[in-house]
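Have a look at the structure below before the remarks.
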Amino acid sequence: ASDFAALIAPSVDNRGVVIANLGTVGLVSGEATTVDFVGNDLIVFTVNEPVEGQVLDKDGNLISDRISNSGSIKADGGQVIMTAKNASSIIKNTISMDGVVEAKTVTEKDGFIFLGGGDQGTVNVAGTLNASGEEPGLAGGEITVEGASVIVAEGSIQAKGTDAKGGTITITGTDWVSAGGHMDVSGETGGNVNVTTGGLSIAAPILAKGSTGQGGNIHINTLFKSWENVDALLDVSGASGGTIKHFAEQQILTSGEYLALGTNGKGGSIDVTANKLKFLSSTIDASGTMGGGRIRLGGEYQGGKNLTIDEIPNAQTLLINDGANVTAKTMGAGGAGGRIIVWADRRAAVFGQFDVTPGTRSGKGGFIEVSSGDKLAFGGSAKTGIDDRRGTLLLDPKNITIASSASYSLQAMIGDDYSGGKNIDHTGARVSEYFGWSVSLDGDRLAVGARGNTGPHSTQSDCSGLGCLYRSGAGAVYLYTFTDSAFSGGALAAVIGYDWTGDKNIDQDLDTSDFFGSSVSLDGNRLAVGAVSGDG
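Numbering (our numbering), first residue to last: 2 to 537.
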């Protein structure tokens, strides 16, 4: 018989070692819980009634987490389930995962890990979730993390395969997901990463690489806004490139890398779109040794006109600054250049570098369209062919301006909708955020205070649950880097503020109306920040 271990209580805290190989380990928090043995060694835990009010430990101290694991849980070939429902606003985390959870694949049995914080709970992963197949020939398993807010602060989530396909990672945060830890479903062929959320921050690698086969798939759907700093990496490279799809309703601002390289074949496919789309010194690359891939930023060819099926919602405004590189070329001797589409319905300001050149010896030149339904400012560069193997650059907006970023006497502006050249668009800036209340510049680094920042959420209505991380007037400081002292290649490097997590981001324990960032002073590697209402 398979091993079975269940810890069920209003609050569960594991600091030791739990082992149930080929079986099930359950950590469950609730007032009333149902356990169903459904066959095939599967067990389902259902929390019928959430925990309300305070939960105290044996010494009478308030417990801040419904479920906490700082120990080790191991169920190779089986499943680990952590599930809780919360009805108390005093709880910090519904699930806090600082330890190690392993449900690795064994022969013919994939591992499964599930963390469910309910529709009002925060799930915080700072440890390791591992459902990999580590022996030769074993595929990755499945990991699912759900909650109102999912914070992957420093830990890792892995479902890798060894000489086999990578597994599947599914992250769902109805209000917010912070992807600040390493995610990996790489294998002989890449696996799948699916992220669905209200708002998103990416500051770490998300990998679905194929070692000898095709790269995997990364699909991201964001209801509101997405921020990606210079440490963000989405990589589906393989012998032939995989697929990246990142769609957001409101905006995507990225200084990260999107890679779908084909190391022994054709490049893959990269689609990125949002109502407002900003690429600040980003790298978007779908090149391949035997042919370039396909990149679509902001829409399809001609904005999807006359297409039977319009696969990509169109961007309304788009900015690609002078530090961005968009490439879908052939890296080997033979193969056609790839295809790049850049589109916005209303306004596109494009100053990046584009390359769809064919192979060094053979292959047709590639195709680039940079266009808009209305206004286009173009000051970038485009390579489409080699010698007489020419490609095509299509500039076909309603109104066009050919410009050079070097022609601007005003070097740069940072703020909402400041597009073009070296400008940096701080998308979604609101009057109440007071972005730019304080500014400090030192060489090629810049600190900007936003004393009214609310945390990653834009408004209270953007997050509706007890796991909501909105704090009015907490404040924040945005840190930017440039490639020179003339403000070229501007990129958002990090944010310091309440619940801004991830590699270089710094999460400050701030309260409402602390007004952190009221003053800033940057000197070398030191930064001083004022918080006029902070009380320690």
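Don't be surprised by glycine CBs; every beta carbon is placed ideally from N, CA and C.
Using alpha carbons as the reference points, say which of the options lies closest to residue i.
i	options	result
A233	L281, S97, G243	L281
S30	A475, I96, G525	I96
V81	L8, D4, F115, N62	F115
E53	N15, I74, G122	G122
G214	N22, G366, T197, N265	N265
G174	T309, G118, N400, T25	G118
A475	A492, T482, P457	P457
I9	I310, F46, N22	F46
V151	R297, G134, V126, L139	V126
G444	A487, K330, I403	A487
A140	K161, K399, G450, S522	K161
T455	F483, L447, G518	G518
D14	A349, V194, G72	G72
D4	I44, T35, P11, S12	I44
E370	E143, R340, N307, V36	R340
S372	T361, D389, R390, V351	V351
G300	L254, M291, A349, A329	A349
R16	A529, G24, L28, L298	L28
F379	L442, R390, G353, T361	G353
S439	K86, R472, S520	S520
S283	L298, D375, R67	L298
V101	G142, E135, D66, Q159	Q159
A275	S133, M184, Q303, I313	I313
A76	F483, Q303, L23	L23
What do you get for residue i, buried or exposed, if any count of 16 or more other CB atoms within 10 angstroms of its CB means buried?
i	result
Q55	exposed
D397	exposed
T163	buried
L511	buried
L395	exposed
T108	exposed
A33	exposed
D524	exposed
T513	exposed
L493	buried
R527	exposed
A448	buried
I1	There is no way to answer for residue 1, as the model of the chain reaches only from 2 to 537.
N400	exposed
T309	exposed
I172	buried
S522	exposed
A21	buried
V176	Checking the sequence shown, residue 176 turns out to be Asp, not Val. The residue is buried, with at least 16 neighbouring Cβ atoms inside 10 Å.
G466	Confidence is the limiting factor: at G466 the pLDDT is only 48, short of 50, which leaves the residue's position unreliable, though a coordinate-based value still follows. Classification for G466: buried.
A529	exposed
L63	exposed
Is the CB-CB distance between residue i and residue j below 8 Å?
i	j	result
N70	K105	no
G294	A240	no
G181	E155	yes
K277	Q251	yes
K365	G324	no
S363	G392	no
H247	I285	no
A165	G188	yes
A477	G498	yes
K226	A249	yes
R452	Y479	no
D346	A316	yes
G243	G167	no
G263	G257	no
A149	D111	no
M332	G289	yes
L254	I245	no
V26	V18	no
S157	T129	yes
T169	V153	no
Is any non-hydrogen atom of the ligand GTP found closer than 7 Å to the C-beta of residue i, if you look at the structure I gave you?
i	result
I144	This structure lacks the ligand GTP; in fact it carries no ligand of any kind.
Which residues share a DSSP beta bridge with residue i?
i	result
T198	G174, T223
G20	What sits at residue 20 in the sequence shown is Ile, not Gly. For I20, which the question treats as bridged, DSSP gives the partners K75.
T402	A378
S278	The sequence shown places Leu at residue 278, rather than the Ser named in the question. Answer is I253, L319, bridged to L278.
K267	G292
V327	I285, F355
E258	L234, T284
G498	A477, D508
Next item on the list: Mind the definition here: the stretch 200-207 touches the stretch 491-508 only if three or more C-beta pairs lie below 8 Å; say whether that holds.
Entry: yes
Next item on the list: Inspect the CB distances between the stretch 343-361 and the stretch 373-389 and report whether three or more fall short of 8 Å.
Entry: yes
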